[in-house]
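Q:
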Amino acid sequence: MAANPLMTPSAIELHVTAEDRCMARLAALALGLTLAEAVIPSPIPGVKPGLANIIVLLVLLQYGWRAAAWVSGLRVLAGGILLGMLFAPGFWLSAAGACASLAALAAARHLPARHFGPVSLSVIAAFAHIAGQLALAAAWLLPAAAIFKMLPVFAAAALVFGTVNGVAAARLLPRMALAAPAPDRRQSGPCPTL
Numbered sequence: 059m060a061a062n063p064l065m066t067p068s069a070i071e072l073h074v075t076a077e078d079r080c081m082a083r084l085a086a087l088a089l090g091l092t093l094a095e096a097v098i099p100s101p102i103p104g105v106k107p108g109l110a111n112i113i114v115l116l117v118l119l120q121y122g123w124r125a126a127a128w129v130s131g132l133r134v135l136a137g138g139i140l141l142g143m144l145f146a147p148g149f150w151l152s153a154a155g156a157c158a159s160l161a162a163l164a165a166a167r168h169l170p171a172r173h174f175g176p177v178s179l180s181v182i183a184a185f186a187h188i189a190g191q192l193a194l195a196a197a198w199l200l201p202a203a204a205i206f207k208m209l210p211v212f213a214a215a216a217l218v219f220g221t222v223n224g225v226a227a228a229r230l231l232p233r234m235a236l237a238a239p240a241p242d243r244r245q246s247g248p249c250p251t252l
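Read in the numbering used here, the sequence shown has 240 at position 182, and its numbers run on one by one without any break.
1. Leaving aside the five residues before and after His168 along the sequence, list all residues of the same chain whose C-beta is less than 6 Å from its C-beta, in chain order.
2. Looking only at its chain, what residues have a beta carbon closer than 7 Å to the beta carbon of Ala88, apart from the 5 residues adjacent to it on each side?
3. For a quick check, are the C-beta atoms of Leu135 and Ala126 less than 8 Å apart?
4. Assuming Val105 contacts Phe212 under a Cβ cut-off of 8 Å, what Cβ separation, rounded to an integer in Å, is found between them?
5. Among Ala166, Ala197, Ala193, whose alpha-carbon lies nearest the alpha-carbon of Ala183?
6. I'd like to know whether the C-beta atoms of Val177 and Ala228 end up nearer to each other than 8 Å.
7. In this structure, does DSSP put Phe212 in helix, strand or coil?
8. State the start and end residues of the unbroken alpha helix (DSSP H) segment that holds Val177.
9. Alpha carbon to alpha carbon, how far is Tyr121 from Phe206?
10. Where Cys157 and Trp150 are concerned, what is the direct C-alpha to C-alpha distance, given to the nearest angstrom?
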């Protein structure tokens, strides 16, 4: 007697590559930095160093924009879940900042590499991140007058933390480049450890 095809269990099998595992590890590292940053007290509400952006920048420089978008998106989503703020205002502000930062990095990829390295890309991303967050806050949470009063503080924080994170990324990039797989063998190469 033949089994009913509607009653047979089926499984979806996903092919996971070494690069997928590597991106998952880097996203987990970015998530760990996000969680660590969440417990650091901030003297100014809303101002954080954005340590996870170091990982996103390294992924952008080593693997490209698409991989950086995946790492950033996974970090925002998993961070929202683990911090218990999924779909809360903080989650949307983080998502808006990440989207604006990724959009700025997508545009900045076309700038001359000799003038725009990790530090300048990090500063561009930091300013875009703050701009995305403040634009959403102005449209949704705060009056525009309050945003303009906070703008100098947030701009100064973006400049300082963008520079510091860019310097950290520039120092880590050679280590990551040594361990990263060559473009023609990405499926089997090792994942960098930072």
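Ideal Cβ placement from N, Cα and C applies to all residues, glycine included.
A: So, from the listed chains and residues:
1. If you number the sequence shown from 1, residue 168 lands on position 110. Cβ neighbours of His168 beyond the five flanking positions: none.
2. The residue given as residue 88 occupies position 30 in the sequence shown. So the list reads Ala110, Ile113, Val114, Val129, Arg133, once near-sequence residues are dropped.
3. As a first step, residue 135 is located in the sequence shown; it is residue number 77 there, counting from the start. As a first step, residue 126 is located in the sequence shown; it is residue number 68 there, counting from the start. It is not a contact, given that the beta carbons lie outside the stated cut-off.
4. What you label residue 105 is simply residue 47 of the sequence shown in a count that begins at 1. What you label residue 212 is simply residue 154 of the sequence shown in a count that begins at 1. The pair is a contact, with the Cβ atoms about 7 Å apart (cut-off 8 Å).
5. Reading the sequence shown from its first residue, position 125 is the one you call residue 183. Per the Cα distances, Ala166.
6. Here residue 177 refers to the residue found at position 119 of the sequence shown. Here residue 228 refers to the residue found at position 170 of the sequence shown. It is a contact, given that the beta carbons lie within the stated cut-off.
7. On the sequence shown, position 154 is the one that residue 212 refers to. Helix, per DSSP.
8. Here residue 177 refers to the residue found at position 119 of the sequence shown. 176-198 is the extent of the alpha helix (DSSP H) around Val177.
9. Here residue 121 is taken as the residue at index 63 of the sequence shown, counted from 1. Here residue 206 is taken as the residue at index 148 of the sequence shown, counted from 1. Answer to the nearest angstrom: the Cα atoms are 37 Å apart.
10. Here the question's residue 157 lines up with position 99 in the sequence shown. Here the question's residue 150 lines up with position 92 in the sequence shown. Answer to the nearest angstrom: the Cα atoms are 10 Å apart.
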